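For reference, the structure is listed below as structure tokens.
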Amino acid sequence: MMRRQRGAALVIAIGLLGLLAIAALARALASPPGVANQLATERALARARDALIAYAATEDNSPGALPCPDYDNDGESDGNEPGFVCSHTLGRLPWKTLGIGPVTDGAGECIWYALTPGFSNKIPTSQRTAGSATRPLINPDAPGGISRIDASGAATGTLIAVVIAPGRALDAQVRGAMGDTACRHGEAAQFLDTYVADGVTFRHDSATLAISAPASDTFNDRVLGLGNVEVFRTVGARVLSELASRDGAEPAGSPDWWTRNAWCGHVCSADGTARIALAAGNVVQRVMPALPECVTACATP
Ligand SMILES: [Ca+2]
Ligand SMILES: [Ca+2]
20 MMRRQRGAAL
30 VIAIGLLGLL
40 AIAALARALA
50 SPPGVANQLA
60 TERALARARD
70 ALIAYAATED
80 NSPGALPCPD
90 YDNDGESDGN
100 EPGFVCSHTL
110 GRLPWKTLGI
120 GPVTDGAGEC
130 IWYALTPGFS
140 NKIPTSQRTA
150 GSATRPLINP
160 DAPGGISRID
170 ASGAATGTLI
180 AVVIAPGRAL
190 DAQVRGAMGD
200 TACRHGEAAQ
210 FLDTYVADGV
220 TFRHDSATLA
230 ISAPASDTFN
240 DRVLGLGNVE
250 VFRTVGARVL
260 SELASRDGAE
270 PAGSPDWWTR
280 NAWCGHVCSA
290 DGTARIALAA
300 GNVVQRVMPA
310 LPECVTACAT
320 P
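Whatever position you read off the sequence shown (first residue = 1), add 19 for this note's numbering.
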């Protein structure tokens with residue numbers, strides 16, 4: 020009898036130990052407060068960036084060109100034809116134009132977006148000109164006009180575009196009601212913040228900066244940049260895909276982006292492959308038995 024009781028107690032003790040172990044494991048696996056929101060913000064930024072790059076790669080006007088932001092908060096990109104420019108170069112992500120749903124960060128706020136003005140797809144390809152500051156050629160040499168700023172206030176490079184997660188409203192910010200599009204109304208300064216480093220003030224509502232700095236009571240924006248390599252790795256693959264389908268002929272059609280944006284000078288041939296050189300030693304390449312006559316041999320193997 021005594022032995023049976025001891026056995027039952029042992030079973031109960033093992034069961035309790037098991038429950039304690041499960042509880043401890045659950046505590047260990049649970050995310051600390053705020054981490055889930057940060058992950059949601061990172062996912063939203065990555066989704067916005069990927070949608071913009073996909074748009075740039077499939078753009079038929081000039082491959083690599085980007086849509087204008089959504090300024091009036093209806094989800095659609097806003098241009099200003101016949102001026103052929105974006106009405107603003109900072110606004111909300113034009114999610115309807117990109118063919119996706121609203122993209123919101125961990126605080127439930129819609130993602131914002133700024134682009135280099137010369138990358139606007141409102142600019143007709145026929146008006147693009149080498150060396151033009153406002154209507155440049157769109158190819159891997161096209162310069163980005165958005166400065167990447169680190170926490171010390173140093174400029175660490177340039178970007179073609181940036182997506183910005185605004186986070187929750189700071190104490191001084193007053194945001195409007197949710198519109199029909201799941202995005203709150205309000206001016207950029209009610210969402211995007213000002214950062215001060217070493218006595219210098221940087222403003223995200225300037226539409227020209229991508230500031231990466233720790234969150235604080237006065238700054239909680241999170242950014243993800245679209246650099247030259249990120250954009251043209253995918254755009255270059257589209258260009259090579261188009262070449263592959265033409266069996267040695269130059270891409271043709273209207274608009275004539277291949278000639279106008281001087282793409283041939285960015286493609287070279289090496290050992291049966293076509294290559295496009297990007298910044299920092301990056302390369303896009305594809306096996307290509309036949310290439311247009313204008314394509315020359317690559318300078319380096
Ligand atoms: Ca709009
Ligand atoms: Ca903010």
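Cβ coordinates follow ideal geometry from the N, Cα and C atoms, glycine included.
These figures come from a predicted structure and were not determined experimentally.
Q.
Considering only heavy atoms of ligand 2 and the C-beta of each residue, which residues fall inside 5 Å, strictly closer?
A. Selection output, chain order preserved: Pro185, Gly186, Asp212, Asn239 and Asp240.
Q. To the nearest angstrom, how far is it from the Cα of Ala173 to the Cα of Arg167?
A. Position 154 of the sequence shown, counting from 1, holds the residue named residue 173. Position 148 of the sequence shown, counting from 1, holds the residue named residue 167. Cα to Cα, the separation comes out at about 8 Å.
Q. Would you say the beta carbon of Tyr90 comes nearer than 7 Å to a heavy atom of ligand 1?
A. Walking along the sequence shown from the start, residue 90 turns up at place 71. Flag set: Cβ of Tyr90 near ligand 1.
Q) CB of Glu206 to nearest heavy atom of ligand 1: below 7 Å? A) Taking the first residue of the sequence shown as 1, we reach residue 206 at position 187. False, no ligand heavy atom lies under 7 Å from that Cβ.
Q | CB contact flag (Ala180, Phe138, <8 Å) | A | Position 161 of the sequence shown, counted from the first residue, corresponds to residue 180. Position 119 of the sequence shown, counted from the first residue, corresponds to residue 138. Judged by beta-carbon spacing, Phe138 lies within the 8 Å limit of Ala180, meaning their Cβ atoms are closer than that value.
Q: Report the residue from Arg252, Leu109 and Gly255 whose alpha carbon sits nearest the alpha carbon of Ala184.
A: Here residue 184 is taken as the residue at index 165 of the sequence shown, counted from 1. Selected option, being the one with the closest Cα: Leu109.
(Q) On the criterion of 16 or more Cβ atoms from any shown chain inside 10 Å, does Glu249 qualify as buried, or is it exposed? (A) Position 230 of the sequence shown, counted from the start, is the residue given in the question as residue 249. Buried.
Q | Reference Gly267, options Thr177, Cys313 and Val182, closest by Cα | A | For the purposes of this step, residue 267 is identified with residue 248 of the sequence shown, where counting begins at 1. Here the closest residue by C-alpha is Cys313.
Q: Consider the C-beta atom of Asp199 and the heavy atoms of ligand 1; say whether any pair is separated by less than 7 Å.
A: Residue mapping note: residue 199 aligns to position 180 of the sequence shown, counting from 1. Result no, Cβ not under 7 Å from ligand 1.
Q) Can the beta-carbon of Arg241 be found closer than 8 Å to that of Thr60? A) On the sequence shown, position 222 is the one that residue 241 refers to. On the sequence shown, position 41 is the one that residue 60 refers to. In contact: Arg241 and Thr60 (Cβ atoms closer than 8 Å).
Q. Measuring CB to CB, does Ile157 end up less than 8 Å from Ser81?
A. Working through the sequence shown from its first residue, we reach residue 157 at position 138. Working through the sequence shown from its first residue, we reach residue 81 at position 62. In contact: Ile157 and Ser81 (Cβ atoms closer than 8 Å).
Q: Classify Val303 as buried or exposed, calling it buried when 16 or more other Cβ atoms lie within 10 Å of its own Cβ.
A: Along the sequence shown, one-based indexing puts residue 303 at 284. Val303 is buried by the Cβ-count criterion.
Q: Report back the beta-carbon spacing between Cys283 and Pro311 to the nearest angstrom; my notes put them in contact at under 8 Å.
A: On the sequence shown, position 264 is the one that residue 283 refers to. On the sequence shown, position 292 is the one that residue 311 refers to. Rounded, the Cβ-Cβ distance is 7 Å, consistent with contact.
**Q.** Start-to-end residues for the beta strand (DSSP E) that takes in Ala293
**A.** In the sequence shown, residue 293 corresponds to position 274, counting from 1. From DSSP, the beta strand (DSSP E) with Ala293 extends over Thr292 to Ala296.
Q.
Looking at ligand 4, does it come within less than 7 Å of Asp217, judged from the CB to the closest heavy atom?
A. The model depicted lacks ligand 4 and carries ligand 1 and ligand 2 instead.
Q | Whole-number beta carbon distance between Tyr132 and Val182, since they are thought to touch under 8 Å | A | Taking the first residue of the sequence shown as 1, we reach residue 182 at position 163. Taking the first residue of the sequence shown as 1, we reach residue 132 at position 113. Right, the Cβ-Cβ distance comes to about 5 Å (below 8 Å), so this counts as a contact.
**Q.** Three-state secondary structure assigned by DSSP to Leu310
**A.** Stepping through the sequence shown from its first residue, residue 310 is reached at position 291. In the structure shown, Leu310 sits in coil (DSSP, three-state: anything other than H, G, I, E or B).
Q) Where Asn142 and Cys87 are concerned, what is the direct C-alpha to C-alpha distance, given to the nearest angstrom? A) Within the sequence shown, the letter at position 123 stands for residue 142. Within the sequence shown, the letter at position 68 stands for residue 87. Note that residue 142 is Ile in the sequence shown here, rather than Asn. Between Ile142 and Cys87, the C-alpha separation is close to 11 Å.
Q: Specify the secondary structure class of Thr315 as computed by DSSP and reduced to three states.
A: Translated into positions along the sequence shown, residue 315 becomes position 296. Here Thr315 sits in strand by DSSP.
Q) Is Ala47 helix, strand or coil when you go by DSSP? A) Within the sequence shown, the letter at position 28 stands for residue 47. No answer about Ala47 holds up, because its pLDDT of 47 lies below 50 and its placement is not dependable.
Q: Could you tell me how far apart the beta carbons of Glu128 and Phe210 are, in whole angstroms, since I believe they sit closer than 8 Å?
A: Residue 128 sits at position 109 when you count from the first residue of the sequence shown. Residue 210 sits at position 191 when you count from the first residue of the sequence shown. With a Cβ gap of about 7 Å, Glu128 and Phe210 count as contacting.
Q) Is Glu312 near ligand 1, in the sense that its beta carbon is under 7 Å from a heavy atom of that ligand? A) By one-based count along the sequence shown, residue 312 stands at place 293. Answer for Glu312: no, Cβ out of range of ligand 1.
Q. Does at least one heavy atom of ligand 1 sit under 7 Å from the Cβ of Glu95?
A. Here residue 95 refers to the residue found at position 76 of the sequence shown. It does: the Cβ of Glu95 is within 7 Å (strictly closer) of some heavy atom of ligand 1.
Q: Could you pull the start and end residues of the beta strand (DSSP E) that Ala126 belongs to?
A: The count along the sequence shown starts at 1 and reaches residue 126 at position 107. Counting along the chain, Ala126 falls outside any beta strand (DSSP E), and DSSP gives it neither H nor E.
Q: Taking only the alpha-carbon atoms, compute the straight-line gap between Asp91 and Ala309 and give it to the nearest angstrom.
A: Position 72 of the sequence shown holds residue 91. Position 290 of the sequence shown holds residue 309. Cα-Cα distance, rounded: 47 Å.
Q. Ends of the beta strand (DSSP E) at Ala229?
A. Taking the first residue of the sequence shown as 1, we reach residue 229 at position 210. Segment Leu228 to Ile230, the beta strand (DSSP E) holding Ala229.
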